[in-house]
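Sequential numbering from 424 applies to the sequence shown in this note's numbering.
Beneath this line is the structure, given in structure tokens, with notes to follow.
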Amino acid sequence: MARTETVEVPLGSRTYPVVIGNSMLCTLGKSVRRVTAGRLVGVVSDKTVWSLYGDQCSASLEAAGFHVVPKIIEPGEEHKTLHTVAGILDHFLAAGFDRESLVIGFGGGVAGDVAGFVAAICLRGLPFVQVPTTVVAQVDASVGGKTGVDHPLGKNLIGAFHQPSLVFVDTALLASLSERDLRAGLVEVLKHAVIRDPGLFDLLEASLDAFVAGTASADSWIDLVAANCRIKASVVGQDEKESGLRAILNYGHTAGHAIEKLGAYQRYRHGEAVGFGMMVAGQMACERGLWRSDELSRQRRILRRLLRIPPPTDMAPRNIWNAMKGDKKSLGGVLRFVMPRGIGDATVVSDVTEDEFAAAWAVTVNREEEPHVG
Numbered sequence: 424m425a426r427t428e429t430v431e432v433p434l435g436s437r438t439y440p441v442v443i444g445n446s447m448l449c450t451l452g453k454s455v456r457r458v459t460a461g462r463l464v465g466v467v468s469d470k471t472v473w474s475l476y477g478d479q480c481s482a483s484l485e486a487a488g489f490h491v492v493p494k495i496i497e498p499g500e501e502h503k504t505l506h507t508v509a510g511i512l513d514h515f516l517a518a519g520f521d522r523e524s525l526v527i528g529f530g531g532g533v534a535g536d537v538a539g540f541v542a543a544i545c546l547r548g549l550p551f552v553q554v555p556t557t558v559v560a561q562v563d564a565s566v567g568g569k570t571g572v573d574h575p576l577g578k579n580l581i582g583a584f585h586q587p588s589l590v591f592v593d594t595a596l597l598a599s600l601s602e603r604d605l606r607a608g609l610v611e612v613l614k615h616a617v618i619r620d621p622g623l624f625d626l627l628e629a630s631l632d633a634f635v636a637g638t639a640s641a642d643s644w645i646d647l648v649a650a651n652c653r654i655k656a657s658v659v660g661q662d663e664k665e666s667g668l669r670a671i672l673n674y675g676h677t678a679g680h681a682i683e684k685l686g687a688y689q690r691y692r693h694g695e696a697v698g699f700g701m702m703v704a705g706q707m708a709c710e711r712g713l714w715r716s717d718e719l720s721r722q723r724r725i726l727r728r729l730l731r732i733p734p735p736t737d738m739a740p741r742n743i744w745n746a747m748k749g750d751k752k753s754l755g756g757v758l759r760f761v762m763p764r765g766i767g768d769a770t771v772v773s774d775v776t777e778d779e780f781a782a783a784w785a786v787t788v789n790r791e792e793e794p795h796v797g
């Protein structure tokens with residue numbers, strides 16, 4: 424029998440499993456049947472994922488007695504909008520969805536976020552299942568119940584907390600990703616390591632090249648995803664709606680979201696923008712004396728191995744600052760930055776000035792690239 428790992432997200436009566444394995448898409452229907460007695464299943468996926476895996480997904484669900492209603496959307500962050508949500512709602516309601524129907528997000532972070540938001544608002548709330556197909560979705564975005572869409576003023580400004588009934592992770596689906604997408608997704612792994620897990624950081628330093636090159640074993644991928652899901656589950660279980668501890672998961676995201684926005688959500692992958700955000704937040708933490716310079720260098724070396732794209736030297740710090748002020752992570756106009764205090768430990772600070780940010784940004788984007796390791 425193929426190996427699987429299960430991580431539980433502890434939310435009392437709403438506790439749900441994250442089931443992680445390899446080459447198990449054929450068992451999706453049986454797993455979904457355990458969480459619903461309904462017949463109609465709406466699958467939100469993008470064209471790329473559906474063209475590769477749609478037949479397998481549908482066949483498994485139909486074998487378990489479901490009537491599958493797929494809604495295929497365009498790939499890309501630029502399609503994560505209310506317009507897309509409206510089209511999905513029209514499609515599902517016309518198909519006769521009722522309160523026993525279930526929604527599946529089958530794809531990367533965009534498909535998962537949109538599907539979860541549709542499930543949260545359709546008929547005042549439907550159950551849903553996450554089937555993530557990218558690294559960033561498998562290790563982070565699919566767990567925790569954050570759903571939503573973007574607004575012209577910022578990313579994820581419209582949404583809801585709506586926990587899934589099941590997260591079904593098949594690491595074999597990562598085989599279709601480009602190297603760039605693999606690298607960008609692994610930035611989120613590094614984020615978890617810096618804020619919560621020194622052992623995971625050590626693993627990345629030692630094994631990063633194997634994960635990027637596709638030579639890591641199936642068991643290694645299962646272990647990597649499970650380690651990240653345990654971190655996310657632990658944090659979400661203590662702070663579901665980001666009133667405290669969960670904010671540390673936003674390490675690199677304050678500036679990262681602004682970089683994505685200024686790049687029209689097309690210039691950089693999410694993980695790439697977050698990586699640059701981690702660099703500047705780490706730089707500020709070091710200058711404040713929160714973080715040792717050797718630990719900042721360790722982070723920077725891994726990011727240099729992952730980010731094979733030029734930094735956004737053309738983005739003025741004033742423009743990034745203004746974009747950050749419009750992000751949902753800003754409270755009362757005050758920006759919150761997650762900063763490391765050591766590898767495996769982080770805190771949230773709310774007193775960063777624009778000048779402090781600009782100085783750290785200049786160091787981040789203008790420093791000569793450090794030598795690649797490995």
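The C-beta atom is built at its ideal place from N, Cα and C for all residues, glycine as well.
Item, Value
"Exposure of glycine 465, with buried meaning 16 or more beta-carbon neighbours within 10 Å", "buried"
"Beta-carbon spacing of glycine 530, threonine 507 below 7 angstroms", "no"
"Contact the region 436 to 449 vs the region 491 to 506: 3+ CB pairs below 8 angstroms", "no"
"Cβ-based burial, glutamate 695 [other Cβ within 10 Å; buried from 16]", "buried"
"Same chain only: Cβ atoms within 8 angstroms of arginine 759, ignoring 5 sequence neighbours per side", "Ala670, Asn673, Thr677, Lys752, Ser753, Val771, Val772, Ser773"
"The beta strand (DSSP E) enclosing valine 552, as first and last residue numbers", "551 to 555"
"Proximity to glycine 528 [Cα-Cα], best of Val472, Arg723, Thr736, Pro763", "Val472"
"Own chain residues within Cβ distance below 7 angstroms of glycine 451, not counting five before or after", "Before going on, a small fix: residue 451 reads as leucine here, not glycine. Closer than 7 angstroms at Cβ, skipping near neighbours: Cys480, Ser483, Leu484, Val554, Phe591."
"Given valine 566 as reference, the closest of His574, Leu576, Phe551, Lys578 once Cα atoms are compared", "Phe551"
"Cβ pair isoleucine 443, glutamate 428 closer than 7 angstroms", "yes"
"Cutoff 8 angstroms; reference alanine 769; Cβ partners in own chain excluding five residues on either side", "Val617, Ile618, Arg619, Ile671, Tyr674, Val761, Met762, Pro763"
"Buried or exposed by the 16-neighbour rule on C-beta atoms within 10 Å, applied to valine 370", "Residue 370 lies beyond the stretch modelled for the chain, which goes from 424 to 797, so this question has no answer here."
"Collapsed DSSP secondary structure at arginine 764 in the structure displayed", "strand"
"Residue nearest to glycine 571 in terms of C-alpha spacing, selected from Ala681, Ala538, Glu602", "Ala538"
"Nonlocal neighbours in the same chain, by C-beta distance under 6 angstroms from proline 493, ignoring five residues either side", "Val466"
"Run of the beta strand (DSSP E) containing serine 483, from where it starts to where it stops", "Here serine 483 belongs to no beta strand (DSSP E); instead the alpha helix (DSSP H) covers 470 to 486."
"Inside the region 496 to 580 only - alpha helix (DSSP H) runs reaching at least 4 residues", "505 to 517, 532 to 544"
"Alpha carbon of alanine 460 to alpha carbon of glutamate 523, nearest angstrom", "7 angstroms"
"Residue environment, aspartate 469, which counts as buried when at least 16 other CB atoms sit within 10 Å", "buried"
"Cβ neighbours of aspartate 536 in the same chain (closer than 8 angstroms, five flanking residues each side left out)", "Lys503, Gly528, Ala564, Lys569, Thr570, Gly571, Val572, Asn579, Gly582"
"Bridge partners - tyrosine 439, DSSP secondary structure assignment", "Val432"
"Residue closest to lysine 684, alpha-carbon to alpha-carbon, out of Arg437, Gly749, Ala785, Tyr476", "Gly749"
"Within 7 angstroms, strictly: CB atoms of isoleucine 725 and leucine 613", "yes"
"Nonlocal neighbours in the same chain, by C-beta distance under 8 angstroms from serine 630, ignoring five residues either side", "Ala639, Ser643"
"CB-CB length for aspartate 546 against leucine 525, believed under 8 angstroms", "As written in the sequence, residue 546 is leucine, which differs from the aspartate given in the question. Their Cβ separation, rounded to whole angstroms, is 12 angstroms, which puts leucine 546 and leucine 525 out of contact at 8 angstroms."
"Through-space distance from cysteine 709 to alanine 542, alpha-carbon basis", "42 angstroms"
"Pairwise C-alpha distance: leucine 668 and leucine 434", "15 angstroms"
"Cα-Cα separation, phenylalanine 780 to lysine 453", "50 angstroms"
"Rounded straight-line distance, which links the Cα of arginine 457 to that of leucine 623", "32 angstroms"
"Local conformation of glutamate 792 per DSSP, three classes", "In this prediction, glutamate 792 scores a pLDDT of 47, lower than 50, which makes its location untrustworthy; the coordinate-derived value is nonetheless stated afterwards. It is coil, neither helix nor strand."
"Beta-carbon gap between glycine 679 and valine 697 smaller than 7 angstroms", "yes"
"Where the beta strand (DSSP E) through valine 592 begins and ends", "589 to 593"
"Span of the alpha helix (DSSP H), counted from its first residue to its last, around alanine 629", "621 to 636"
"Histidine 490, DSSP secondary structure in three states", "strand"
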